[in-house]
Amino acid sequence: MTDNLYSNSEYNSEPDLVLDAKIQLLAGKLSVANRIVFLTGAGVSTDSGIPDFRSSTGIYQMTSEDLFRIDRFLANTEWFYSIFGNFYAGIADAKPNTGHLAIAELEKRCGKLIDVVTQNIDALHSAAGSTSVAEVHGTLRTASCLKCAKQYSQDYFEPDMRSGRVPRCSCGGALKPDVTFFGEMLPEHAFVQARSAMKEAELLVVVGTSLQVTPAALLPRECPADTPFVIINKTPTYLDSEAALVFYESIGDVLPQAVSLVKSA
Ligand SMILES: [Zn+2]
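Under our numbering, the sequence shown is numbered contiguously, ending at residue 271.
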């Protein structure tokens, strides 16, 4: 009996030992680097209850590629908002999870210079406390008038968006969320910010993205040649073979543990 128990526990703990050792290696990399860039995607927000819209169904009714099309939005703004209400509420009610908080902690507690480059539109990195966030696909925190371009914050348009009405500017024009719709140009200022962050990176941590959507997926190529990459994603990416460390575990099982090992500033 004793032998069985012993061998079982040893067998069961082996994968954890490997993971623990890798987490220590990640902690070491986070400790020695001063300027760290996090490139994040949908996977960092799934623990906040936000599904990956590229493959989402259910309450979201359709994928982002069906919903966020600028031609449809302009042709039938009422239709867009009638569906967008559920979608918006699901994101607006979401809270940062341990992954977002760990990234913010590196900045606040450990004194690191952190740049977050995110493909997410949920603004959860800012909500967690990260101060440098380049939102390369835009954000749901603001919306702008299609007629006069005046920009509004969430307080103004949130009641309309939640209830499926078209939010309107004081000039009467319809507001459009400041996220990049399919068929629209990407926000140039965010890409300028993202590229300059990559060029300064001493360490790049890719979190929760399979790096399939260009041009965001190509941003790691802007890093200096000697910048190490760490990938934390459930599925493989094109950068895995070049990475110093690759985790296929969930973000919440890796990043908070690694950050907790980094000493305070
Ligand atoms: Zn207006």
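The beta-carbon is built from N, C-alpha and C at its ideal position, and this holds for glycine as well. If you're wondering where the values come from, they're calculated on a predicted model, not measured in any experiment.
ask   = Can you find a heavy atom of ligand 1 that lies under 8 Å from the Cβ of Ala155?
value = Ala155: yes, Cβ under 8 Å from ligand 1.
ask   = Run through DSSP, which three-state label would Ser150 get?
value = Three-state DSSP puts Ser150 in a strand.
ask   = Do the CB positions of Val211 and Cys116 come within less than 9 Å of each other?
value = No, the pair does not count as a contact, with Cβ atoms beyond the cut-off.
query = DSSP state of Arg75, grouped into three classes?
reply = Three-state result, Arg75: strand.
key: Residue of Thr215, Ala250, Gln218 minimising C-alpha distance to Ala231   = Answer by Cα proximity: Ala250.
task = Specify, as a first and last residue, the run of the alpha helix (DSSP H) that Gln199 falls within.
result = Bounds of the alpha helix (DSSP H) holding Gln199 are 194-206.
inquiry  = Going by C-alpha to C-alpha distance, which of Ala39, Phe44, Leu245 sits closest to His131?
reply    = For the residues Ala39, Phe44, Leu245, the minimum Cα distance to His131 belongs to Phe44.
inquiry  = Relative to the C-alpha of His106, which candidate in Ile89, Gln263, Ala39 has its C-alpha closest?
reply    = If we check each option's Cα against that of His106, Gln263 comes out closest.
ask   = At which residues does the alpha helix (DSSP H) containing Lys114 begin and terminate?
value = Per DSSP, Lys114 belongs to the alpha helix (DSSP H) from 104-114.
inquiry  = Less than 6 Å between C-beta atoms, sequence neighbours within five positions excluded: which residues of the same chain meet that for Leu267?
reply    = Excluding sequence neighbours, Leu267 sits near Ala33.
inquiry  = I need the DSSP call for Ser132, collapsed to helix, strand or coil.
reply    = Looking at Ser132 - three-state DSSP - the assignment turns out to be helix.
ask   = Any idea if Thr124 is buried or exposed, counting beta-carbon neighbours within 10 angstroms, 16 or more meaning buried?
value = Classification for Thr124: buried.
inquiry  = Rounded to the nearest angstrom, what separates Cys175 and Leu217 at their Cα positions?
reply    = Spanning the two alpha carbons is a distance of roughly 36 Å.
task = Note down the Cα distance separating Pro193 from Thr186, rounded to an integer number of angstroms.
result = The alpha-carbon of Pro193 is positioned some 7 Å away from that of Thr186.
inquiry  = Counting C-beta neighbours from all protein chains within 10 Å, is the total for Glu111 16 or more, i.e. buried, or is it exposed?
reply    = That one is buried.
key: C-alpha gap between Lys269 and Val219, whole angstroms   = One C-alpha to the other measures close to 35 Å.
ask   = What residue does the beta strand (DSSP E) around Leu45 start on, and which one ends it?
value = Unbroken beta strand (DSSP E) run through Leu45: 41-46.
message = In whole angstroms, give me the CA-to-CA distance for Ala207 and Leu73.
response = Rounded to the nearest angstrom, the two C-alpha atoms are 35 Å apart.
task = Within 10 angstroms of the Cβ of Thr137, are there 16 or more other Cβ atoms? Answer buried if so, exposed if not.
result = Flag for Thr137 reads exposed.
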